[in-house]
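Have a look at the structure below, then the notes.
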Amino acid sequence: MQPRSSNAHKHESRNPIQRLVIARFHRQVVRIVRELRPARILEVGCGEGYVLQALLRAGVSAELHGVDLSPTAVAEARARLGSRATVEVRDARDLAALAGAEGRRFPLVMMLEVLEHLPDPDAMLPVLEALADPHVLLSVPREPWFSALNLVRLRHVRGLGNHPEHLQRFTRADFVRFVQRRFDVLETPSVFPWTLVLARRRP
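All residue numbers for the sequence shown refer to the numbering used here, where the first residue is 1 and numbers rise by one.
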């Protein structure tokens with residue numbers, strides 16, 4: 001049996017505080033999507049489909065798409081979402097090349113809790129730029145608070161609270177500057193202990 005991913009553990013936690021903060025995160029994502037009213041949404045690194053499920057449960061009528069590199073996560077997302085979303089095992093870089101060639105970009109591209117896992121997150125910015133027309137919605141753990149809260153819970157103590165899968169540590173200001181390298185930042189709503197950024201592709 002495959003071990004549960006950290007994403008699955010997070011979303012399926014029975015800890016009432018963790019469930020509350022995740023629900024608040026999902027509410028902010030739903031609010032932003034409702035305000036933007038995109039016809040199509042792509043989630044890069046959709047994992048097991050929890051955020052797409054939150055959009056569906058909120059009555060979002062956009063055409064939903066998700067890509068992830070994990071066949072196990074994609075299989076679970078498909079089981080969770082059924083025919084209400086298209087989820088594929090696919091590299092976003094390949095999808096970006098096609099989007100540029102065919103002129104088929106997405107009005108909203110989401111990449112939530114993924115960039116901190118990448119050895120070179122800078123390389124993902126042009127990929128997101130190629131996929132999005134015009135908006136991106138991005139999030140990462142808000143450091144140093146995220147690690148500090150882990151320490152309080154006696155989690156990942158050897159790494160001083162840093163999750164072993166997290167290769168990058170962004171403060172809120174760091175992440176906003178990171179996104180601004182390629183996009184115009186429109187909003188940074190409060191979703192502590194994460195940093196959430198809505199941005200627009202530059203012409």
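A virtual CB, placed ideally from N, CA and C, is assigned to each residue, including glycine. The structure displayed is predicted, hence computed values, not measured ones.
The continuous alpha helix (DSSP H) containing Glu129 extends over residues 124-131. Taking the C-beta atoms as reference points, Gly66 is found nearer than 9 Å to Val74.
The C-alpha of Leu115 lies about 11 Å from the C-alpha of Leu128. Counting C-beta pairs closer than 8 Å gives three or more between the stretch 102-112 and the stretch 41-49, which meets the contact rule.
By DSSP's assignment, Thr86 forms a beta bridge with His65. Between the stretch 55-70 and the stretch 29-37, the count of Cβ pairs shorter than 8 Å is three or higher; the stretches touch. In the displayed model, Thr195 falls within a strand according to three-state DSSP. Of all alpha-carbon atoms in Trp194, Asp94, Arg90, the one lying nearest the alpha-carbon of Ala130 is that of Asp94. In the three-state reduction of the DSSP assignment, Phe106 falls in the strand class. Ser139 counts as buried, since at least 16 other C-beta atoms from the protein chains shown sit within 10 angstroms of its C-beta. Membership of Asp174 in any beta strand (DSSP E) is not indicated; the residue belongs instead to the alpha helix (DSSP H) covering 172-180.
With a beta-carbon spacing of about 10 Å, Thr188 and Arg142 fall beyond the 8 Å limit used to define contacts. Judged by DSSP secondary structure, Val60 falls outside any alpha helix (DSSP H); it is assigned neither H nor E.
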